[in-house]
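Reviewing the structure listed below.
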Amino acid sequence: MLVTIVKGDTLWDLCQKHLKDPLKWRELSKYNDFTNPHLIYPGEELRIPVAMAKEVVVEAEKELAAQQADLEKLKAELAESEATRDKLEAEINGLNKSMDELRAQIDALGASLKSQEKLMAAVSQSGDAVSSSIKEALAANKAAIIDQIAHLDMHLEEAAKMLEAQKMQAKATHELVESIEENVKMFLASVEANQKAINEVKMMLEDAQGVHEELSSSKRALVFLTTVAAGIGLFAINAIGGRSGE
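Numbering (full-length UniProt numbering), first residue to last: 1 to 246.
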């Protein structure tokens, strides 16, 4: 398999890009006639054996499989985070409804308390004409209303604290979902690009079957990958640096 050298190419960079090991240029000297790795020139062609390209494909497929496993793991985490977010949003809505009901009860009790106070004032003005038992009953009703209001106020305060905590948790979960979504998007793009590159290389390798690879005797015919190797290069470029975040 042959590739044409372009300006700026170095043997080390090409081996790193296409074979993932800059030191493999020494092995390629078996297939190319060169004595100095610095002396590569634009327009020359470099040869790489099919076997070496196949080895790179095998390693690339292993990395791709690992990426796909990580992608599935991220998708599962995303689904779990989204379920948590939905649950928190439902709980927040429930707490808001409960707080509205508590406020309505407090308002109703406040209005009832005012009515009791007016009635007690009217009874007090009537003097001895009204039984003391009525006064006691009104006072008891007032005390009961005050207790109920205090009890509801306490529940309202607790509900407000719970609501604030749920909102903070929901915010954190929402941010987590966004982060995972972005990671999934990046991983998916990488996996798709790498799969495409591997498929292209496989097709090129199939086309190269039956081609006899002899040692080259042309001067300065340095080693580099053919068009096939260019496909492998796409894999190296598109990889996301392994499974970051583990």
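Cβ atoms here follow ideal geometry from the backbone N, Cα and C, with glycine treated the same way.
Taking the C-alpha atoms as reference points, what is the distance between residue i and residue j?
{"i": "A143", "j": "L163", "result": "30 Å"}
{"i": "E181", "j": "D13", "result": "34 Å"}
{"i": "N32", "j": "T84", "result": "60 Å"}
{"i": "T4", "j": "L78", "result": "45 Å"}
{"i": "V93", "j": "K87", "result": "Contrary to the premise, residue 93 reads as Asn rather than Val in this sequence. Approximately 10 Å, taken between the alpha carbons."}
{"i": "A111", "j": "M99", "result": "18 Å"}
{"i": "A193", "j": "N199", "result": "10 Å"}
{"i": "Q16", "j": "D70", "result": "25 Å"}
{"i": "M203", "j": "L176", "result": "40 Å"}
{"i": "V50", "j": "S179", "result": "41 Å"}
Which class does residue i belong to by DSSP, given the choice of helix, strand or coil?
{"i": "D13", "result": "helix"}
{"i": "I40", "result": "coil"}
{"i": "G8", "result": "coil"}
{"i": "V191", "result": "helix"}
{"i": "D107", "result": "helix"}
{"i": "D21", "result": "coil"}
{"i": "V211", "result": "Low local confidence applies: a pLDDT of 45 at V211 is under 50, so the model's placement there is unreliable, and no value is given."}
So what does residue i bridge to, in DSSP terms?
{"i": "T173", "result": "For T173, which the question treats as bridged, DSSP gives no partner whatsoever."}
Below 8 Å on the Cβ atoms is my contact criterion, and I expect residue i with residue j to pass it. Report the Cβ-Cβ distance as a whole number of Å.
{"i": "L74", "j": "N183", "result": "6 Å"}
{"i": "A170", "j": "E89", "result": "6 Å"}
{"i": "K68", "j": "V201", "result": "Position check: residue 68 holds Gln in this sequence, whereas Lys was assumed. 18 Å between Cβ atoms; not a contact."}
Would you say residue i touches the ligand GTP, meaning its beta carbon is less than 7 Å from a heavy atom?
{"i": "V50", "result": "This structure simply doesn't include the ligand GTP, nor any ligand for that matter."}
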